[in-house]
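Report on the structure given below.
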Amino acid sequence: MAIDTKKCVGCSDCVVACQTENNVPIGYCRDWVVEVMDGTYPQLEIELRSERCNHCENSPCVRCCPTGASHYADGGIVLVTKNECIGCSACIASCPYDARYVHPDGYVDKCTFCLHRVKKGMQPACVAVCPTKCMYFGDLNDPRSDVSKILKKRKHKTLIPEAGTKPQLYFLI
Amino acid sequence: MNDLPKQEETTLSFEKIKKDILHPLQNHKGLELWIVFLVTVIAVCGWAYIVQLRDGLGVTGMRDYVSWGLYIANFVFFVAVSLVGMLISSILGLLRIDWITPISRISEMIAVAFVAVSGLVIIMDMGRPDRVANVIIHGRFQSPILWDITVVTTYLMISLLLLILPMIPDLAICKNELKKASPIMKKIYNVLSLGYINTPSQHKHLHRMIKTLMVLIVPVGLAIHTVTSWLFAATLRNGWDTTIFGPYFVAGAFVAGAAALVMAMYFFRINYKLQDYITDVQFDYMGKLMVAVCLVYLYFNLNEFLVPGYKMKTGDDVHLKELFTGHWAVLFWCSQLLGNVIPIILLLMKKFRKPLPLMLISIFVLASAWIKRYVIVIPTLLHPHLPIQNVPENFVHYFPTGIEIAVTVLSFALALLIITVLAKIFPVVPICEIAEQRGIEVKIED
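Read top to bottom, the protein sequences are chains A and B.
Sequential numbering of the first sequence, starting at 1, is according to the numbering used here.
Sequential numbering of the second sequence, starting at 1001, is according to the numbering used here.
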């Protein structure tokens, strides 16, 4: 997924869409919006980022899971199998992005890239709802996908690359 | 350290040792009241855990940021205290240090009780304890959680063996001497003593087994605490992401364990009237030992906080400022000063190594050891790499709820109950070893 920080207006529609789509319990979220202010007045700049699980290629959460409940699904999406999760929170501690939380029912929950929608050929809920169309979702291995094309054209970055997790969420800058 | 002051060997006979040590097992009324009290506490606090089972982890203060709260701090504390078994009965035992003989069994009892409860604390922290079998069914050896479960159970097993095997001669004595014991207890003594009558070949085999276990428990004991530290150090969080966490935790565990042992020694000495066995000499040496382990711990603390504090790299700076001068400063400096610096200074003076002052200092050391674990676990989780903005208030502040505190009380009561029951049914001081050490002939009838 690629997210255009120049287009994002920080409306948090993606957060609300995700919460309704995935029945996220009140008080928790799978995605969130941050505003980072840079510089001093009058040269101020604000970067708006809609953040979620980075679906890292080298995920510390998958590595440290004792039961294999956290795993890589087809296409590199990092998922948690609810029924296998024992709720030990080791993955939460190991995630540098704080993308996970313990569901009140005792298992760990996180962004799934709305795999149930993607399988039907639809976009993830956050992408579909975005009013400024600042998110691009698709197969990074396919050079013809929207996300591959935009990443070729635009300058982009990932979050905390020094953690070595190879995050797969790109922010266009 | 082997030059024990001359003890009044002439006044002690084997019969007197037996009587002194076994008498309190059957004639101590206060102990039963204490057990009733502990069971009541466990029953009341057990209800809190049932509430948590019914309603889920939502009843705790743990939210998105802090997913390892009070329980994990307790877990690290329990594991730390349990390391005393390895320090006293194995390391010092293998070095053939004499003064530990009367206290080795107490230290082993503490080890068994605390490591057993530490395993339970982990289960109490789990969101879905009903799925604990998944760790074995779907186990993945890449996960530090699995290493932890492996070493905790191994350490528990070896500690249990190290408690029971050296006790076999004493159990044979119990079988003969404790006439008032209930039939079940008599059966237990009979089975566990394995028909030991102290023949030279039995003596040789038993001591060879004990020695093998003593050697075995050293790597396992180091592993249990190192792996516990790896649960933290294997993550990328500020304050946990350091390479010295393993030895740092081991050093801290020796401090906590020594303090817990001193408190137990004092308790049994007064209540079981064991002044002839757990003497001032033992307290004096324990005080010196505590200075030594505190110095090692202080050295690691300097490394752990001075080096990153000097660089103050991004991420670490927020965390360290909060610890040194911010919200956590009181707890942090309390744990450093009361648990480390002040005990070192005080215990260098002989008058503070007497039983009562040493016990009082140990209370502070043990309490600071617990605070230290709390300060290791929680602030780090509150200072993530990429803070999420506009989060609910309860994300950025963590305070344990009543349920969590009750479950913590439950785990402490459980550990104390295990120690009390062990000390109620087994002699807390090794009868035969003391007799052998003082050159008294050991006679065990069939």
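Glycine included, C-beta positions come from ideal geometry on N, C-alpha and C.
These numbers were taken from a predicted model, which means no experiment stands behind them.
### Message
If distances are taken between C-alpha atoms only, which option among B/F1300, B/L1416, B/Y1285 comes closest to B/L1031?
### Response
B/L1416
### Message
Can you list, in chain order, the residues of its chain with a C-beta nearer than 8 Å to that of B/I1244? Leave out the 5 residues immediately preceding and following it.
### Response
F1300, N1303, E1304
### Query
For A/T20 and chain B, any beta-carbon pair shorter than 8 Å?
no
### Task
Count the other CB atoms, across all protein chains shown, that sit within 10 Å of the CB of B/D1148; report buried if there are 16 or more and exposed otherwise.
buried
### Task
Find the residues of chain A that neighbour B/I1388, judging by a C-beta separation of less than 7 Å, and give them in chain order.
W32, V34, D98
### Message
If contacts are defined as beta-carbon pairs under 8 Å, then B/G1085 and B/S1159 qualify, I think. What distance do you get, rounded to the angstrom?
### Response
5 Å
### Query
By a C-beta neighbour count over all protein chains shown, 10 Å radius and 16 as the cutoff for buried, is B/R1454 buried or exposed?
Outside the shown range of chain B (1001 to 1446) lies residue 1454 of chain B, about which nothing can therefore be said.
### Query
Alpha carbon to alpha carbon, what distance is there between A/L140 and A/I77?
12 Å
### Three-way DSSP call (helix, strand, coil) for A/L48 in this model
strand
#### Entry: With 16 other Cβ atoms within 10 Å as the buried cut-off, status of A/M122
exposed
### Message
Relative to the C-alpha of B/I1363, which candidate in B/V1076, B/I1173, B/V1255, B/P1169 has its C-alpha closest?
### Response
B/V1255
### Task
Quick one: measure Cβ to Cβ for B/I1021 and B/I1431, integer angstroms, because I've assumed they're closer than 8 Å.
5 Å
### Query
Counting pairs of Cβ atoms below 8 Å between the segment 1074-1083 of chain B and the segment 1256-1270 of chain B, do you hit three or more?
yes
#### Entry: Collapsed DSSP secondary structure at B/I1106 in the structure displayed
helix
### Task
Closer than 9 Å by beta-carbon distance: list the chain B residues that pair up with A/T5, in chain order.
Result: empty, since nearest Cβ-Cβ is about 14 Å, beyond 9 Å.
### Task
Go ahead and label A/F113 buried or exposed: buried means 16 or more other beta carbons lie within 10 angstroms of its beta carbon, across all protein chains shown.
buried
### chain B contacts from the segment 62-73 of chain A (Cβ-Cβ distance under 8 Å)
R63, C64, C65, P66, T67, G68, A69
### Message
Just to confirm the assignment, what range does the alpha helix (DSSP H) spanning B/I1050 have?
### Response
1029-1055
#### Entry: Residues, ordered as in the chain, of the segment 92-123 of chain A that lie near chain B by beta-carbon distance below 7 Å
I92, A93, S94, P96, Y97, D98, Y101, V102, P104, D105, G106, Y107
### Contiguous alpha helix (DSSP H) assignments of at least 4 residues, all confined to the segment 1270-1351 of chain B
1280-1311, 1316-1324, 1329-1336, 1342-1347
### DSSP beta-bridge partners of A/I3
A/M135, A/F171
### Query
Would you report the Cα separation of A/H55 and B/G1061, rounded to the nearest angstrom?
28 Å
### Query
Mind checking if A/P167 is an interface residue toward chain B, Cβ cutoff 8 Å exclusive?
no
### Task
Classify B/Y1189 as helix, strand or coil using the three-state DSSP reduction.
helix
#### Entry: Beta-carbon neighbours of B/V1429, restricted to chain A and to distances below 7 Å
None at all; the shortest Cβ gap to chain A is about 40 Å.
### Which listed residue (A/K153, A/R154, A/L115, A/E35) has its alpha carbon closest to that of A/D74
A/L115
### Task
Per DSSP, which residues does A/L79 bridge with? Please list them.
A/H71
### Task
May I ask you to report which of helix, strand or coil DSSP gives A/E35?
strand
### Query
What do you get for B/Y1277, buried or exposed, if any count of 16 or more other CB atoms within 10 angstroms of its CB means buried?
buried
### Any 3 or more C-beta pairs closer than 8 Å across the segment 1226-1243 of chain B and the segment 1375-1386 of chain B
yes
### Task
Take B/H1138 as the anchor and find which of A/P66, A/P124, A/T132, A/V102 has the nearest alpha-carbon.
A/P66
#### Entry: Residue span of the alpha helix (DSSP H) that contains B/P1219, given as start and end
1200-1233
#### Entry: Spatial neighbours of B/K1018 in its chain, beta-carbon cut-off 8 Å, leaving aside the 5 residues before and after
I1173, E1177, I1431
### Message
Taking 8 Å as the threshold (C-beta atoms), are B/M1290 and B/P1355 in contact?
### Response
no
### Query
Comparing alpha-carbon positions, which option in B/D1125, B/V1151, B/L1161, B/M1349 lies nearest B/Y1049?
B/D1125
#### Entry: Pairwise C-alpha distance: B/T1408 and B/P1400
10 Å
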